[in-house]
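Student: Numbering (my numbering), first residue to last: 2 to 427.
The beta carbon of each residue, even a glycine, is placed where N, CA and C say it ideally should be.
Source: prediction; values computed, not measured.
Please find one structure pasted underneath; my questions will follow.
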């Protein structure tokens, strides 16, 4: 029996899940979370070591019963395919817009209860808390305010000014393929909400996702987070990926002795589902949905739910209910014409002391794009879009000053765009 350890040649960090087998495939082993493995092999045997994201390596067993295997990471980041900069899949070096790519390995190295908090380790991206009591906030890119940062899932806008942060809460990290970030103006393709930048969450394809994944995390502040994902198949043409995120922080702390909670207490659950449909000629068809619910409060350490909306003990309590629907469908034509759509519904029931805020927002977005290659130098992308915004609350934002009655805001925003990429002979 030979014991060994697989490590990253550059960082010297252990590589878990690496496959180790003898040249004749008579023995097989997998490295654990510390990179350790054990395999039956004698002196002179050749071991083949492989792991996702690393180059394959062959090592020969010597007289010692321990072997250290150093594997080199693949240089795949430079050749990564990105879609955010041009709305089309292109190699990263060929993208005219600078796109930063962050893989799930980055999220694992910086564990946090949500992607919102993980992004604080990205240069130029600053999650900011706007309320020290209820801990709501937004994301600033290059110093611009949160309303100028757009959040999308699989390229579809799913976040609004009412909930600029909720789009990054409750997405199971187990279901994330990568995170693409564009810093600076991206309004040419994505509208005025992307003047500061764009964060695009790319979810895993159900066809390539593992059968089951789970991640559990707890902290000394009694924060408990669970991420889980499972892949299901319905026949030969339908594959689904279902994910669950649960976060619980119910123990108030007052380390600075100001009689107020240091961090808002949170109890949230999010269910995510994505389904791919296999069609002729590899045409795209997918449908994804998510439901999010959160109960959050902060304030006086003596506050409880019976004081909600009263002036006896001060507290800020927020109930949030949100649903999202995202879809992509390639039309059955010789040309590459894609129909994409998203819809969100957000309801917020909150009290800030005795001041109520009841908000209701619904957004529907659809776009039709035509991708056409002309000759050897031009690549056209044309499209039309339409967006419907519905917003209503109990504040003066929806008050009709002429009649004094409440009137919900209903807005249609149509759009058309044309993009031409061409390569010169130089």
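Looking only at its chain, what residues have a beta carbon closer than 7 Å to the beta carbon of residue 206, apart from the 5 residues adjacent to it on each side?
Tutor: Sequence index remark: in the chain shown, residue 206 carries index 205 (1-based). Excluding residues within five positions, the ones whose Cβ falls inside 7 Å are 277.
Student: What residue from 299, 364 and 365 has the CA that sits closest to residue 352's CA?
Tutor: Locating residue 352 in the chain shown gives position 351, counting from the first residue. The candidate whose alpha carbon is nearest that of residue 352 is 299.
Student: Tell me the DSSP bridge mates of residue 324?
Tutor: For the purposes of this step, residue 324 is identified with residue 323 of the chain shown, where counting begins at 1. 292 and 346.
Student: Looking only at its chain, what residues have a beta carbon closer than 6 Å to the beta carbon of residue 184, apart from the 5 residues adjacent to it on each side?
Tutor: Residue numbering aside, residue 184 sits at position 183 when the chain shown is read from its first letter. The answer, listed in chain order, is 125, 142, 143 and 198.
Student: By DSSP, does residue 181 sit in helix, in strand, or in coil?
Tutor: On the chain shown, residue 181 is found 180 positions in, with the first residue counted as 1. Of the three classes helix, strand and coil, the one that applies to residue 181 here is strand, per DSSP.
Student: Give the secondary structure of residue 246 by DSSP, where H, G and I count as helix, E and B as strand, and everything else as coil.
Tutor: Taking the chain shown and counting its residues from 1, the one referred to as residue 246 is at position 245. Reduced to three states, the DSSP call for residue 246 is strand.
Student: Could you check what DSSP says for residue 240 in three-state terms: helix, strand or coil?
Tutor: Locating residue 240 in the chain shown gives position 239, where the first residue counts as 1. It is a strand residue.
Student: With a threshold of 7 Å on Cβ separation, who are the neighbours of residue 28 within its own chain once the five nearest residues in sequence on each side are excluded?
Tutor: Position 27 of the chain shown holds residue 28. Closer than 7 Å at Cβ, skipping near neighbours: 22, 40, 41 and 42.
Student: Please classify residue 45: does DSSP put it in a helix, a strand, or coil?
Tutor: On the chain shown, residue 45 is found 44 positions in, with the first residue counted as 1. Correct three-state label for residue 45: coil.
Student: Could you tell me the boundaries of the alpha helix (DSSP H) in which residue 105 lies?
Tutor: As a working note, residue 105 is residue 104 in the chain shown. Residues 105 to 110.
Student: Who are the Cβ neighbours of residue 383 in its own chain at under 6 Å, not counting the five residues just before and after it?
Tutor: On the chain shown, residue 383 is found 382 positions in, with the first residue counted as 1. Contacts found: 371 and 419.
Student: Does the count of Cβ pairs from the region 59 to 72 and the region 342 to 349 closer than 8 Å reach three?
Tutor: Touching, no.
Student: Whole angstroms are fine: how far does the CA of residue 157 sit from the CA of residue 402?
Tutor: Locating residue 402 in the chain shown gives position 401, where the first residue counts as 1. Locating residue 157 in the chain shown gives position 156, where the first residue counts as 1. Straight-line Cα distance between these residues: approximately 35 Å.
Student: Just the C-alpha distance for residue 250 and residue 175, rounded to the nearest angstrom, thanks.
Tutor: By one-based count along the chain shown, residue 250 stands at place 249. By one-based count along the chain shown, residue 175 stands at place 174. Approximately 21 Å between the Cα atoms of the pair.
Student: Pick out whichever of 212, 113 and 120 has its Cα sitting closest to the Cα of residue 102.
Tutor: Sequence index remark: in the chain shown, residue 102 carries index 101 (1-based). The residue with the shortest Cα to Cα distance from residue 102 is 120.
Student: Could you pull out every residue in the same chain whose Cβ sits closer than 8 Å to the Cβ of residue 407, ignoring the five residues on either side in sequence?
Tutor: Along the chain shown, read from residue 1 onward, the residue named residue 407 stands at position 406. Excluding residues within five positions, the ones whose Cβ falls inside 8 Å are 393, 395, 399, 400 and 401.
Student: Given residue 321, which residues of its chain have a CB within under 6 Å of its CB, disregarding the five upstream and five downstream residues?
Tutor: Counting from 1 along the chain shown, the entry for residue 321 is found at position 320. Around residue 321: 295 and 349.
Student: Hey, which unbroken runs of the beta strand (DSSP E) at 3 residues or more fall wholly within the region 353 to 399?
Tutor: Listed in chain order, they are 356 to 375 and 379 to 394.
Student: Rounding to the nearest angstrom, what Cα-Cα distance links residue 283 and residue 133 in this structure?
Tutor: Against the chain shown, residue 283 aligns to sequence position 282. Against the chain shown, residue 133 aligns to sequence position 132. Each residue's Cα considered, the two are about 50 Å apart.
Student: Going by DSSP in three states, residue 235 sits in which element: helix, strand or coil?
Tutor: Position 234 of the chain shown, counted from the start, is the residue given in the question as residue 235. Residue state, collapsed to three classes: strand.
Student: Apply the 10 Å Cβ neighbour rule to residue 173 and answer buried if 16 or more other Cβ atoms are within range, or exposed otherwise.
Tutor: Reading the chain shown from its first residue, position 172 is the one you call residue 173. The residue is buried, with at least 16 neighbouring Cβ atoms inside 10 Å.
Student: Would residue 236 count as contacting chain B if we go by Cβ distances under 8 Å?
Tutor: The structure shown contains no chain B; it is built from a single protein chain.
Student: According to DSSP, residue 64 sits in a beta bridge with which residue or residues?
Tutor: Residue numbering aside, residue 64 sits at position 63 when the chain shown is read from its first letter. Residue 64 pairs with nothing; no bridge assigned.
Student: Taking only three categories from DSSP, how would you classify residue 317?
Tutor: For the purposes of this step, residue 317 is taken as residue 316 along the chain shown, with counting starting at 1. Residue state, collapsed to three classes: strand.
Student: Closest to residue 376 by CA distance: which of 317, 10, 365 and 422 is it?
Tutor: Translated into the one-based positions of the chain shown, residue 376 becomes position 375. Nearest option by C-alpha distance: 422.
Student: Using three-state DSSP, classify residue 56 as helix, strand or coil.
Tutor: Here residue 56 corresponds to residue number 55 of the chain shown, with the count starting at 1. DSSP places residue 56 in coil when its eight states are reduced to three.
Student: For residue 93, which three-state DSSP category applies?
Tutor: One-based indexing of the chain shown puts residue 93 at position 92. Looking at residue 93 - three-state DSSP - the assignment turns out to be helix.
Student: Which residues in the same chain have their Cβ closer than 6 Å to the Cβ of residue 219, if we skip the five residues on either side of it in sequence?
Tutor: Against the chain shown, residue 219 aligns to sequence position 218. 225, listed in sequence order.
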